[in-house]
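Heads up: the sequence shown at position 122 corresponds to 122 in the working numbering, and the numbers run straight through without jumps.
Backbone N, C-alpha and C define an ideal beta-carbon position, used for all residues, glycine too.
The model shown is predicted, which means the values in this text are computed figures rather than measured ones.
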Amino acid sequence: MILESILAYDNIVIQCHDDPDADAVASGYALLKYLDSKGKTSRLVYGGKRQIGKRSLLLMIEKLGIPLKYLPIPEGEAELLVTVDCRAGQRNVSPMPCRTLAVIDHHELAPGEILPALHEVRTDCGACVSLVWTLLTQAGFPVENRLLFTALYYGLYMDTQKFKGAEKLDREMLDALRFDWDIILQLQSVGLALNDFQTAGSAFANLHYNPDYRFAAAPVNTCEPYMLGVVSDMISSY
Numbered sequence: 001m002i003l004e005s006i007l008a009y010d011n012i013v014i015q016c017h018d019d020p021d022a023d024a025v026a027s028g029y030a031l032l033k034y035l036d037s038k039g040k041t042s043r044l045v046y047g048g049k050r051q052i053g054k055r056s057l058l059l060m061i062e063k064l065g066i067p068l069k070y071l072p073i074p075e076g077e078a079e080l081l082v083t084v085d086c087r088a089g090q091r092n093v094s095p096m097p098c099r100t101l102a103v104i105d106h107h108e109l110a111p112g113e114i115l116p117a118l119h120e121v122r123t124d125c126g127a128c129v130s131l132v133w134t135l136l137t138q139a140g141f142p143v144e145n146r147l148l149f150t151a152l153y154y155g156l157y158m159d160t161q162k163f164k165g166a167e168k169l170d171r172e173m174l175d176a177l178r179f180d181w182d183i184i185l186q187l188q189s190v191g192l193a194l195n196d197f198q199t200a201g202s203a204f205a206n207l208h209y210n211p212d213y214r215f216a217a218a219p220v221n222t223c224e225p226y227m228l229g230v231v232s233d234m235i236s237s238y
């Protein structure tokens, strides 16, 4: 898919997955900036049962001025819906009505999965931001906005666990970015809340590891969804 192909539509909605992470938000933000530059009416949204609660992500949205809107209930029908870092029909993607669907994602396809005509799905990158950056570059969009640079950097940083899973495409983007290091340091310094540490402590205290089948289970009480990812990342690193 080339980005020029979505310019034929008006009333474009860019959707992140429910409880979005930095990669999804940054990817949607980059696409939003491209559409804005072309004079298109577009919105960046996410759905689901709860609003974002992760402190570092809220700070990212604030510092970079990202106009991300929470839509627990869809508002009308979009002429074009573009899902970024996800695909419509997945469990973590709330349904939103649209006439035409497009997909930009970097996750593996399920067996027999059918994609819409407008799609760009590649798995040779560690984060969706790298794929969006490639599409922007191919479209000749001058990615020169320092805040946009910073969003792309932070999205990749978070989705690859501090670049541990960075691929060739990711590193090509990194070489081109001129981001705001002060903002990145602020985002990196945002720690977990006290109850987050209690959740992680409970998970490790009740950790069960099966060496024969090489899997671990860490039961926790009800918590913010992002903590499941935090605990999972910590366990997977050992």
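Run of the alpha helix (DSSP H) containing C86, from where it starts to where it stops: Indexing the sequence shown from 1 puts residue 86 at position 86. Per DSSP, C86 belongs to no alpha helix (DSSP H) and is neither H nor E.
Pair within 8 Å by beta-carbon distance, D18 and G47: Indexing the sequence shown from 1 puts residue 18 at position 18. Indexing the sequence shown from 1 puts residue 47 at position 47. For D18 and G47, yes; Cβs fall inside 8 Å.
Cβ-based burial, I114 [other Cβ within 10 Å; buried from 16]: Locating residue 114 in the sequence shown gives position 114, counting from the first residue. The residue is exposed, with fewer than 16 neighbouring Cβ atoms inside 10 Å.
S42 versus G140: straight-line alpha-carbon distance, rounded: The count along the sequence shown starts at 1 and reaches residue 42 at position 42. The count along the sequence shown starts at 1 and reaches residue 140 at position 140. Computed Cα separation, rounded: 20 Å.
Alpha helix (DSSP H) segments (min. 4 residues) lying fully within the segment 16 to 50: 22 to 37
Cα-Cα separation between P116 and L101, rounded to whole angstroms: Locating residue 116 in the sequence shown gives position 116, where the first residue counts as 1. Locating residue 101 in the sequence shown gives position 101, where the first residue counts as 1. Taking the straight line joining both Cα atoms gives about 6 Å.
Beta-carbon proximity check, A26 vs A151, cutoff 8 Å: By 1-based counting over the sequence shown, the position of residue 26 is 26. By 1-based counting over the sequence shown, the position of residue 151 is 151. Cβ distance < 8 Å, so A26 and A151 count as in contact.
6 Å Cβ shell around Q51 - same chain, five flanking residues per side excluded: For the purposes of this step, residue 51 is identified with residue 51 of the sequence shown, where counting begins at 1. Cβ neighbours of Q51 beyond the five flanking positions: Y70.
Simplified DSSP state of A110, which is helix, strand or coil: Mapped onto the sequence shown, residue 110 falls at position 110. Residue state, collapsed to three classes: coil.
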